[in-house]
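In this note's numbering, the protein residues as written are 13 to 212.
The beta-carbon is built from N, C-alpha and C at its ideal position, and this holds for glycine as well.
Please read these numbers as outputs of a predicted model, since none were measured by experiment.
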Amino acid sequence: MRRISSCLSGEGNLYKPPNTLGGCADSMCGCNTVATYSNLFFGEKMKAFIVIPLLAGVISASPSAVRAGDAGNILACIEAVEAYSARKVDEFDVRYTGRILGFSTAEWKGIQCEVSFEQVFNLTVDGQLYVVEGFAGREARSAFSQLEVDTDEAVSLLESRIQLLKNRLEEAEMKLQQPSPDIAAVSDYIHSGIARATGG
């Protein structure tokens, strides 16, 4: 118990090299092992105890940066309101709730704006939804979803055709390495594959 308590209390060094006979240099020889097991059992908890205060310290240490971000968010909402609804709003009349995690909100009478990093995510003016997930309304958001699906399908098709062309090229390489190859036939085989793959 004396050795363990001295290790945990920090007396002496945590590591003592063995002497030339292979034994312990002194009574602190076991401290390195104790410290290692202590790190193993308590390491994750210690990370949490360190990271959380550091994060809080960063946030509290830079209030001016937070305020600057809030001002940018409010101005982004004002610009979006004017662009989509032609309504004019005053930045000093806003009811603003800033959030580090999630969207901040800027509200005026009949207006609700969700914003983050000066990008408007959702905007409702007088009951009409003008911005949905960053897109100019539900129709634009739905259109993008379909375009995304169409693009992914086209990319998948092109990737499969690319692989087919590579396979043909490998076949051509093998044929052209054989005695007396039919170069014209091999060339036609490759070019016909390219034409079919590219629609040419």
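Residue i to residue j span [Cα, whole Å]
i       : j       : result
Arg-153 : Glu-183 : 46 Å
Val-137 : Gly-205 : 55 Å
Val-167 : Ala-148 : 26 Å
Ile-86  : Asn-179 : 56 Å
Leu-159 : Pro-193 : 46 Å
Tyr-96  : Asp-162 : 29 Å
Ala-118 : Ala-207 : 56 Å
Thr-109 : Trp-120 : 12 Å
Cys-43  : Gly-84  : Low per-residue confidence applies at Cys-43: pLDDT is 47, beneath 50, and the placement is therefore not dependable, though the value from the model is reported in the following sentence. The straight-line gap from Cα to Cα measures roughly 54 Å.
Arg-173 : Arg-111 : 47 Å
Asp-200 : Gln-190 : 17 Å
Val-101 : Asp-164 : 41 Å
Ile-195 : Glu-151 : 55 Å
Gly-139 : Glu-94  : 16 Å
Ile-186 : Gly-211 : Ile is not the amino acid found at residue 186; the sequence shown has Met there. In a straight line, the C-alpha of Met-186 is about 26 Å away from that of Gly-211.
Leu-82  : Ser-157 : Correcting the residue identity first, residue 82 is Asp in this sequence and not Leu. In a straight line, the C-alpha of Asp-82 is about 30 Å away from that of Ser-157.
Ala-98  : Ala-155 : 24 Å
Leu-141 : Cys-125 : 10 Å
Assigned exposure category for residue i - 16 Cβ within 10 Å defines buried
i       : result
Ser-116 : buried
Arg-127 : The sequence shown places Val at residue 127, not Arg. Buried, by the Cβ-count rule.
Val-106 : buried
Ala-88  : buried
Leu-135 : buried
Val-78  : Here Val-78 scores only 47 on pLDDT, less than 50, and its place in the model is too uncertain to base an answer on.
Thr-45  : Reliability of the predicted coordinates at Thr-45 is poor, the pLDDT of 43 falling under 50, and the value obtained from them is presented with this limitation in mind. With fewer than 16 Cβ atoms within 10 Å of its Cβ, Thr-45 is classed as exposed.
N-terminal and C-terminal residue of the alpha helix (DSSP H) that residue i is part of
i       : result
Arg-208 : 195-210
Supposed contact pair residue j and residue i - C-beta distance, whole angstroms, cut 8 Å
i       : j       : result
Ala-92  : Val-143 : 6 Å
Glu-103 : Ile-123 : In fact, because the Cβ distance is near 13 Å, the residues do not count as touching under 8 Å.
Ala-209 : Leu-176 : 7 Å
Phe-133 : Gly-114 : Not quite, the Cβ-Cβ distance comes to about 10 Å (not below 8 Å), so this is no contact.
Ile-202 : Leu-170 : In fact, because the Cβ distance is near 18 Å, the residues do not count as touching under 8 Å.
Endpoints, the beta strand (DSSP E) within which residue i is located
i       : result
Ala-98  : Neither: Ala-98 is in no beta strand (DSSP E) and is coded neither H nor E.
Glu-103 : Counting along the chain, Glu-103 falls outside any beta strand (DSSP E), and DSSP gives it neither H nor E.
Ser-116 : 116-120
CB contact check: residue i to chain D, cutoff 8 Å
i       : result
Gln-158 : Here chain D cannot be found, since the structure has a single protein chain.
*Enumerated in chain order, which unbroken segments of the alpha helix (DSSP H) with a length of 4 residues or greater are wholly contained in the region 128-189?*
Qualifying alpha helix (DSSP H) stretches, in chain order: 150-188.
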